[in-house]
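Chains as they are written, first to last, in my numbering: chain X, 8 to 104; chain E, 8 to 104; chain C, 8 to 104; chain B, 8 to 104; chain D, 8 to 104. Heads up, the beta-carbon is just placed ideally off N, CA and C, and yes, glycines get one too. Okay, structure first, notes after.
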């Protein structure tokens, strides 16, 4: 599970039929304070109603298909939580505003 | 799910029988604006009729087998969408021409 | 299986229903002596009652769903052991204090 | 799916019984022209009769078990095609000699 | 499948019950000559009686669960062969002593 910032969205008309109606978010992996890491951008299906600027958690690989929305779908990344608070090293690293 | 540019194709006569008839695309991972990242080139099966120069999305791992075409096949990457538009940081990062 | 230090926790109210009640730990991958490596931070579900400062082992991918707690859940990392002792290169690299 | 050069072979007498009789190839990941990339060497089971010097494609992860040969085996990489031709950027990047 | 040197062992008393009795080895990924690569250390379950100093092969991901020992266990890496000989670039890169 990786922490990432939602920075945008991806629109694709021509796609595998099983992907119809799924909202695809553009994510930038971040550290525990929400600062971008060197990780490349990733696209993930939204399973929790996340929006641009939210700090989220996404799961990759076959685990990305373990939601009602993504079951048996050809997606390998799903946003499955919106982060409220991260405690790190004894302090508060991030709090949703 | 990773954003990538289709830069070419791969032909292989000697291959696992289950791969017969599949079109294999050469992909260069890109950022949200379609610019190449440092990621190494990847080969993926085409499930959506993508062509050279298209910006596409591909899924990796077991999720790559979740299409009619790739079910139970020894492939770990599938192109499952052609990108029309990417919004990033409040602007348009990429639009299909 | 990767060695990591628990450095904090992540709280998320809006999440996939299947994740209710799971404790999510913030992990920093380390070497055999418990020193941080360059690996980016990871979030994993706790299956063994680990706490902040513990050196732990986590499994990723589909293997992360092979516990009673995480079965069929959209998580791709699980803490499944708390490290007591690591022997490396003929000496003791780490001992839990 | 990754492009790689077969550079050698690996012999192991003591091994998991399910691996008996499998030919294990040493692979160096390459770019589309067959030139080595920075990727570390990988060992993969041969499913297509590939030989040293061949440029091949290999699949990783659970997809590596989707051949008759590797079904239910503890291997996470399989060579499933020998490359004849790679077209890239409008030209011929590699042709089997 | 990755080549690695066994450099030590990991002991964990508090662990997922399914991991009871499994021997966990500390591995350093190596090149074909047995020299350490930049890859971070990995912990894997031993399925072949490997010992410290042995050069071994390990499989990762779901493939790590395809042994009698690791079936349905929350482990994502298994040592499934002890290397006797590696031929590379027409010469002998490694021979077990």
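Rounded distance between the beta-carbons of residue j and residue i, thought under 8 Å
| i | j | result |
| --- | --- | --- |
| residue 22 (chain X) | residue 29 (chain E) | Contact doesn't hold; Cβ gap of about 18 Å is too wide. |
| residue 16 (chain C) | residue 33 (chain C) | 6 Å |
| residue 47 (chain X) | residue 46 (chain E) | 6 Å |
Residue from the options whose Cα sits closest to the Cα of residue i
| i | options | result |
| --- | --- | --- |
| residue 36 (chain X) | E:24, E:9 and E:50 | E:9 |
| residue 13 (chain C) | C:76, C:70, C:55 and C:20 | C:55 |
| residue 60 (chain E) | E:43, E:71 and E:82 | E:43 |
| residue 50 (chain D) | C:19, C:104 and C:67 | C:67 |
| residue 53 (chain E) | E:46, E:20 and E:76 | E:76 |
| residue 27 (chain B) | B:45, B:82 and B:47 | B:82 |
| residue 91 (chain C) | C:103, C:47 and C:74 | C:103 |
7 Å CB neighbourhood of residue i in its chain, flanking five on each side removed
| i | result |
| --- | --- |
| residue 39 (chain D) | 10, 93, 95, 100 and 101 |
| residue 57 (chain C) | 13, 32, 63, 86 and 89 |
| residue 41 (chain B) | 12, 62 and 101 |
| residue 74 (chain X) | 54, 85 and 87 |
| residue 69 (chain B) | none |
| residue 20 (chain E) | none |
Limits of the beta strand (DSSP E) - the one that residue i falls within
| i | result |
| --- | --- |
| residue 33 (chain X) | 31-36 |
| residue 86 (chain B) | 84-89 |
| residue 53 (chain X) | 49-53 |
Those residues which DSSP pairs with residue i across a bridge
| i | result |
| --- | --- |
| residue 98 (chain C) | C:95 |
| residue 62 (chain E) | E:12 |
| residue 22 (chain X) | E:88 |
| residue 43 (chain B) | B:37 |
| residue 67 (chain D) | D:84 |
Contacts around residue i, its chain only, beta-carbon distance under 8 Å, and the 5 residues preceding and following it disregarded
| i | result |
| --- | --- |
| residue 79 (chain X) | 25 and 72 |
| residue 65 (chain X) | 8, 9, 11, 34, 49, 51, 71, 84, 85, 86 and 87 |
Cβ-based neighbour list, residue i, same chain, cut-off 6 Å, excluding 5 preceding and 5 following
| i | result |
| --- | --- |
| residue 18 (chain E) | none |
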